[in-house]
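Enquirer:
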Amino acid sequence: MADLRLALYQPDIPGNTGTILRLAACLGFGVDIIEPAGFDISDRNLKRAGMDYIAAAALTRHVNWDRFEDWRKNTGRRLVLASTKSSGRYTDFAFQADDILLFGRESAGVPDHVHAAADARILVPMVAGQRSINVAVSAAMIVGEAMRQTVWG
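Numbering (our numbering), first residue to last: 24 to 176.
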């Protein structure tokens, strides 16, 4: 399993969370869910969203941002925020093997205090006029690049 982790800040859509959990189970990275979520995050619902892959995913739930941030600081991990407000492309970024890749709510991203807490911010470049790429697709793109740099060589 990779030391890389992906964190979801108060996710809104169970299908996206399930897709990311499936990706994590298949590629071997950990997932942190920062609550509250915009849907019932019970094990039953996560199992439905993540199908049978949920059992293989290394999932940690954090009751709120402050608890997550305390845990992160204690582990000494760098927080890398995927944001449409960034100017730095994810393909130009030098990932570290123990980074936490943070993705915001599908409906609203992350609040300013979370944005400010990030050690780095990265962007998936898009054609002009488009708002955003689906969070699960963006996560797959960024995790793929991070793992190419740090795990797969």
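Positions of the beta carbon are idealized from the N, C-alpha and C atoms, including for glycine. Note that this is a predicted model, so its numbers are computed, not measured.
1) Report, in whole angstroms, the separation of the C-beta atoms of residue 112 and residue 77, which I expect to be a contact under 8 Å.
2) With a Cβ-Cβ cutoff of 8 Å, do residue 123 and residue 147 count as a contact?
3) Which residues in the same chain have their Cβ closer than 6 Å to the Cβ of residue 116, if we skip the five residues on either side of it in sequence?
4) Starting from residue 51, follow the alpha helix (DSSP H) in both directions and report where the run begins and ends.
5) Buried or exposed, going by whether 16 or more other CB atoms sit within 10 Å of the CB of residue 40?
6) Check for me: the alpha helix (DSSP H) holding residue 171 runs from which residue to which?
7) Less than 6 Å between C-beta atoms, sequence neighbours within five positions excluded: which residues of the same chain meet that for residue 61?
8) To the nearest whole angstrom, what separates the beta carbons of residue 127 and residue 81, a pair I think is in contact under 8 Å?
Expert: Well, looking at it:
1) Not quite, the Cβ-Cβ distance comes to about 32 Å (not below 8 Å), so this is no contact.
2) In this structure, residue 123 lies away from residue 147, with their beta-carbon atoms at least 8 Å apart.
3) Apart from the 5 residues on each side of it in sequence, residue 116 sits with its Cβ closer than 6 Å to the Cβ of 145 in its chain, given in chain order.
4) That residue, residue 51, is in no alpha helix (DSSP H); it is neither H nor E in DSSP.
5) Under a 10 Å Cβ-count criterion, residue 40 is classified as buried, with 16 or more other Cβ atoms of the shown protein chains found around its own Cβ.
6) Bounds of any alpha helix (DSSP H) do not take in residue 171, whose DSSP letter is neither H nor E.
7) Setting aside the 5 residues that flank it on each side, residue 61 is surrounded in the same chain by 35, each with a C-beta closer than 6 Å to its C-beta; the list follows chain order.
8) Their Cβ separation, rounded to whole angstroms, is 21 Å, which puts residue 127 and residue 81 out of contact at 8 Å.
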